[in-house]
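This report concerns only the one structure given below.
There are 2 protein chains.
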Amino acid sequence: MANYNVAPLSKLIEQFERLPGIGSKTAQRLAYFVLNMPKEQATEFSNAIIDAHEKIRYCNVCCNFSDQELCPVCRSHNRDTSVICVVETPRDAIALENTHEYAGVYHVLHGAISPLNGVGPDQLCIKQLLSRLSDDTVKEVIMATNPTVEGEATAMYLSRLLKPMGIKVTRLAYGIPVGGDLEYADEVTLARALEGRNEL
Amino acid sequence: MANYNVAPLSKLIEQFERLPGIGSKTAQRLAYFVLNMPKEQATEFSNAIIDAHEKIRYCNVCCNFSDQELCPVCRSHNRDTSVICVVETPRDAIALENTHEYAGVYHVLHGAISPLNGVGPDQLCIKQLLSRLSDDTVKEVIMATNPTVEGEATAMYLSRLLKPMGIKVTRLAYGIPVGGDLEYADEVTLARALEGRNEL
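Protein sequences appear in the order of chains A and B.
No gaps in the numbering here: position 175 of the first sequence is 175 in the working numbering, and each next residue is one more.
No gaps in the numbering here: position 134 of the second sequence is 1134 in the working numbering, and each next residue is one more.
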């Protein structure tokens, strides 16, 4: 598609094409949009990319993204530090924050155990999690890894690691999604929903 | 959504949200992807934005994007300069190039007449088109503006301007799209297809 574009434009299109979920048509549309931006906006965009890379680091405690030593959640005095919710990515933590139902703290693994992709426990932020558990403040660790094979494996691995330390390890509930349709729920989900049924 | 993100990340997400067709969820996904890129790739992306802005200008002849005085089409010696295809945007020119059926040259208006949006003939690259027609090399001008109200109005406006100059002005054919389904074609398109029917 980009063959007929001039070099700097083709390059910009290529850059957009690298992004996930952006095909060649969309990349072209975005590149043209950026080209038509006022110059200050384009500079702002360009700087935001560099800034994010230069200023963002892992939180010293929970390994979530942060621009300071501690992330906003770990800095806050209103969070219950006796409960740690273990997630795969920072975006999962944000999804949980958006529920406004969780007052504990997080731990971001930055991935899940996946032997096929060459990701073992050593590539994840598990050491940092263990060091948080060395004093006795933590009472519960909630496994909020994804309901995928990798997420499950990671949750199992961690629970086997933590249970001997006398820490309560829990897992997010499986079931039918709210607003969903029983008819369209897959068998495994439905079976899990049945299994985990609660008294009304 | 971005409330729980640290500042440099929120800023990057905001930048992506400004792009057309990118909602807050996608912007977040893209920002995280950029953050996880190797630093050189992020720098490359950032530079591509600035480069495109600094190096790209309008072609002196056809007003298409170019990184030199003339765009690749106007520079080429294999193009028939007696036919000019008038398009609204550089992307339309690329779409026509991709057909591999057109050997003439282009003229990019950079928009269409749209009184509602405050775009009159003066905001478009019409003067440049007229100056190309001053010598007698151009035999035909093909109106390839979009089949929208604005595109039609622009084509009509230009044809009224050019016809008195003795130049043949043509318009892209209307009809059913190839591979389409008669059943799903709208009435206006179908009526135009009937009107423009050709002998087999």
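Backbone N, C-alpha and C define an ideal beta-carbon position, used for all residues, glycine too.
#### Entry: H1107/B (DSSP reduced to helix, strand or coil)
DSSP places H1107/B in the strand class (E or B) of the three-state scheme.
### Query
The alpha helix (DSSP H) with V73/A in it runs from where to where?
That run of the alpha helix (DSSP H) goes P72 to R75.
### Task
Pull up the distance between the alpha-carbon of T1137/B and that of L1030/B, whole angstroms please.
L1030/B has its alpha-carbon roughly 49 Å from the corresponding atom of T1137/B.
### Query
To which residues of the same chain is S159/A closer than 6 Å at the C-beta, ignoring the five residues directly before and after it?
Correct list, in chain order: V169.
### Task
Assign L1130/B to one of two classes, buried (16 or more other C-beta atoms within 10 Å of its C-beta) or exposed (fewer than that).
Taking every protein chain shown into account, the CB of L1130/B has fewer than 16 other CB atoms within 10 angstroms, so this residue is exposed.
### Query
Does the beta carbon of C1071/B come closer than 8 Å to any beta carbon on chain A?
By this cut-off, C1071/B is an interface position.
#### Entry: Extent of the continuous beta strand (DSSP E) run through M1143/B
M1143/B -> beta strand (DSSP E) spans E1140 to M1143.
### Message
Less than 8 Å between the C-beta atoms of C85/A and G104/A, yes or no?
### Response
At the C-beta level, C85/A and G104/A come within 8 Å of one another.
### Query
Which chain B residues are close to L9/A, counting only those with a beta carbon under 7 Å from its beta carbon?
Within chain B, the residues placing a beta-carbon under 7 Å from that of L9/A are A1052, I1056 and F1065, ordered along the chain.
### Message
Could you check whether the Cβ of P115/A sits closer than 8 Å to any Cβ belonging to chain B?
### Response
Closer than 8 Å: no.
#### Entry: Under 7 Å from the C-beta of S46/A: neighbouring residues of chain B
In chain order: S1046, I1049 and I1050.
### Task
To the nearest angstrom, report how far apart T1043/B and S46/A are at their CA atoms.
Between T1043/B and S46/A, the alpha-carbon positions lie close to 9 Å from each other.
### Other residues of its chain near T1148/B: CB distance less than 8 Å, five sequence neighbours each side excluded
If we look at T1148/B and ignore the five residues flanking it on each side, its Cβ neighbours are A1112.
### Query
Applying a beta-carbon distance threshold of less than 9 Å, which residues of chain B neighbour Y32/A?
The answer, in chain order, is F1065, T1089, P1090 and R1091.
### Message
Would C1071/B and C1125/B qualify as a contact pair, given that the criterion is a beta-carbon distance under 8 Å?
### Response
No. Outside cutoff.
#### Entry: alpha helix (DSSP H) runs wholly inside the region 7-70 of chain A, at least 4 long, in chain order
Fully enclosed alpha helix (DSSP H) runs of 4 or longer: 7-17, 24-36 and 39-55.
### Query
Any idea what DSSP makes of D1080/B, helix, strand or coil?
Strand.
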